[in-house]
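Student: Got a structure for you, questions after.
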Amino acid sequence: MAAVEPSLEMLRTASTDNEKIAALLLIAKVARAGEMSEVERRQIFDAVGFSFVNRLLDTEDEAGGSSDVPNQYQELAVTLLACFATDPQLATHSEVTSKVPLLLKFISCRSERDGLCQDCLQLLLSLTASPKGVHLLLSNGSLQTVASQLAEREGGEGVRESLRLLLERLLGQEAVVIRYGEQVEEMVGMLASGFKHRQDEVKFDLCRDLCSVLETLGRVSMVCSNERWMRDVASGLFDILSSKISGEMRASALLLAASLCSQCGADWTLVTGNSQLFRLLANLASLEMRLCLEGREGLESLQSDLLCSCCIILESSVTFTAVQTSSCSAVTEEDILQLHSAFTEAFKSTTDFLVSLPPPLPHHNPLVIAIVRVLGAWLAEETLAVSSKLYNLLPKLLEMCQSHLHENKGGVEKCLENPLMFLLPGLSHLVAEDTARAAVKTALPQLLVDFMTALYGTSM
2 MAAVEPSLEM
12 LRTASTDNEK
22 IAALLLIAKV
32 ARAGEMSEVE
42 RRQIFDAVGF
52 SFVNRLLDTE
62 DEAGGSSDVP
72 NQYQELAVTL
82 LACFATDPQL
92 ATHSEVTSKV
102 PLLLKFISCR
112 SERDGLCQDC
122 LQLLLSLTAS
132 PKGVHLLLSN
142 GSLQTVASQL
152 AEREGGEGVR
162 ESLRLLLERL
172 LGQEAVVIRY
182 GEQVEEMVGM
192 LASGFKHRQD
202 EVKFDLCRDL
212 CSVLETLGRV
222 SMVCSNERWM
232 RDVASGLFDI
242 LSSKISGEMR
252 ASALLLAASL
262 CSQCGADWTL
272 VTGNSQLFRL
282 LANLASLEMR
292 LCLEGREGLE
302 SLQSDLLCSC
312 CIILESSVTF
322 TAVQTSSCSA
332 VTEEDILQLH
342 SAFTEAFKST
352 TDFLVSLPPP
362 LPHHNPLVIA
372 IVRVLGAWLA
382 EETLAVSSKL
392 YNLLPKLLEM
402 CQSHLHENKG
412 GVEKCLENPL
422 MFLLPGLSHL
432 VAEDTARAAV
442 KTALPQLLVD
452 FMTALYGTSM
């Protein structure tokens, strides 16, 4: 970049720190680090080196400000380090990695300058490229620092996205999560506590943060083993869903609830000792399904994320209510009867929607699979409330299963992803009825033979 060259020449010929600072400020006005070439960034490093950066970091605030808040010289030092860290060789240099505790301190400070925080986060993100860097960050308490900032920070969406990205990279490997399990639990607990107690926009930010963290953690056992933070999440969700909120806010809450339901089942909603949240979620998911699907005749313009979340909540709720006994005092018989009515209306809408879709049903569409899964869960437990339209839908469902089988020949794993796995329990009940048996007698036997052949790899 020709515009940078005069300033680089000034930097190379500078004989004092003040002259170097003046040259760096000129460079900053001309271009950002991301806009400069690797050669130009390396030239800046060659001109100033780490010793200059260290002197800037050691500079005390002459104005007598708080020692906890970085001064302008320290901010410049961090900006330089962030520039250097774009070079993979410099990013892992001991002079950079040794600054991790200081960078975490700067992130935690009360400074209102998002630029400083972004530079610190850029440096930390560069370290996550290697297992050694991830270990260094985790061993210095980065999870707690990031969680604290997410729970307390207001505004600064760019910084928040960087904090989320840092968490995702730190938690991306199951072995790392298991090794630092206590820190991970503490981090989730901090986010959950903030989610429970905040009563402003940050509450919804934390809702999205928790959803992102739980999806990253996946099915790690610790997710469902800590009732304390689950109670905080349940309390925060009940606050949101029982209030007058926008559709977008409600959708983010349902996404978080679905994330927990997919990993822990519907049981987690009872950690507070009553069934209020369970009933609220089941009813809201049923209502959203009806509102989104009734009268629709295509997949276009549907809110796929929201509907998939509702399907997950409904699937876990149906399964949960089906296995309840009188020993479960939290969910009463009256609750189950009321929910049965809501479920019946929701599944009528799902059946009508699937009937309206032209064949073949797209088995590669996540929303269609989610709807088929929840329909299968319902049919496995309830056949008396089946509408006559379902019998006309059965051949279309079997055709989708057959298409999936032919296009995904890959052994046991691919077979277990087949929609047939979710429909088999319900089909076992339905074929006892003459109408249903007549609807599937042509396609089902051959599908079962093909499925078993693919599953076990033998000719039958």
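Residue numbering for the sequence shown follows the working numbering, starting at 2 and increasing by one per position. Positions of the beta carbon are idealized from the N, C-alpha and C atoms, including for glycine.
Using the rule of at least 16 other Cβ atoms within 10 Å of the residue's Cβ for burial, across every protein chain shown, is S328 buried or exposed?
Tutor: Low local confidence applies: a pLDDT of 49 at S328 is under 50, so the model's placement there is unreliable, with the coordinate-based value given in what follows. Under this definition S328 is an exposed residue.
Student: When the Cα atoms are used, what is the spatial distance from A436 to L394?
Tutor: It should be pointed out that residue 436 corresponds to Thr in this sequence rather than to Ala. When rounded, the distance between both Cα atoms is 12 Å.
Student: Between the Cα of C212 and the Cα atoms of L192, H365, E301 and S226, which residue gives the shortest distance?
Tutor: Comparing Cα positions, the closest option is L192.
Student: Within 8 Å, do at least three Cβ pairs link the segment 237 to 251 to the segment 194 to 206?
Tutor: They touch, by the three-pair rule.
Student: Cα-Cα, which of I45, L144 and P363 is closest to V101?
Tutor: Nearest C-alpha to V101: L144.
Student: By the 10 Å Cβ neighbour count, where 16 or more other Cβ atoms means buried, how is L457 classified, buried or exposed?
Tutor: Note that residue 457 is Tyr in the sequence shown, not Leu. Y457 comes out exposed.
Student: Starting from the C-beta of H405, find all residues in its chain whose C-beta is less than 7 Å away, skip the five residues before and the five after it, and write them out in chain order.
Tutor: These residues qualify, in order along the chain: H364, N419 and P420.
Student: Return the CA-CA distance between A444 and S318, expressed in angstroms with no decimal places.
Tutor: Roughly 31 Å between the two C-alpha positions.
Student: From the DSSP output, in three-state form, read off G182 for me.
Tutor: G182: helix per DSSP, three-state reduction.
Student: If we count the other Cβ atoms within 10 Å of its Cβ and call it buried at 16 or more, is R229 buried or exposed?
Tutor: The residue is exposed, with fewer than 16 neighbouring Cβ atoms inside 10 Å.
Student: For A254, which of P132, L282 and K397 has the nearest alpha-carbon?
Tutor: Here the closest residue by C-alpha is L282.
Student: Is K410 closer than 8 Å to D353 when the C-beta atoms are compared?
Tutor: No, they are not a contact pair.
Student: Could you check how far apart the C-beta atoms of L380 and C309 are, in whole angstroms? I think they sit under 8 Å.
Tutor: Not confirmed; about 19 Å, so no contact.
Student: Measure the C-alpha to C-alpha separation of S149 and I370 and round it to an integer number of angstroms.
Tutor: Distance between the alpha carbons of S149 and I370 is about 38 Å.
Student: Can you confirm whether the segment 45 to 60 touches the segment 77 to 86 when touching is taken to mean that 3 or more C-beta pairs between the two stretches lie within less than 8 Å?
Tutor: Judged by Cβ distances under 8 Å, the segment 77 to 86 makes contact with the segment 45 to 60, as three or more pairs qualify.
Student: With 8 Å set as the bound, which would you pick, yes or no: does the beta-carbon of H405 sit closer than that to a beta-carbon of chain C?
Tutor: Any reference to chain C falls outside this structure, which holds one protein chain only.
Student: Please tell me whether V178 and R232 are closer than 8 Å, where the distance is taken between their beta carbons.
Tutor: It is not a contact, given that the beta carbons lie outside the stated cut-off.
Student: Could you give the first and the last residue of the continuous alpha helix (DSSP H) run that contains V373?
Tutor: Per DSSP, V373 belongs to the alpha helix (DSSP H) from P367 to E382.
Student: What's the gap between the Cα of K133 and the Cα of Y392?
Tutor: If you take the alpha carbons of K133 and Y392, they lie about 58 Å apart.
Student: So, under 8 Å CB-CB, G274 and A331 are touching, yes? Tell me the CB distance rounded to an integer number of Å.
Tutor: Contact flag correct, Cβ pair sits at about 7 Å.
Student: For Q44, collect the residues of the same chain with a Cβ closer than 7 Å to its Cβ; drop the 5 residues on either side in sequence, then sort them by chain order.
Tutor: Correct list, in chain order: L9.
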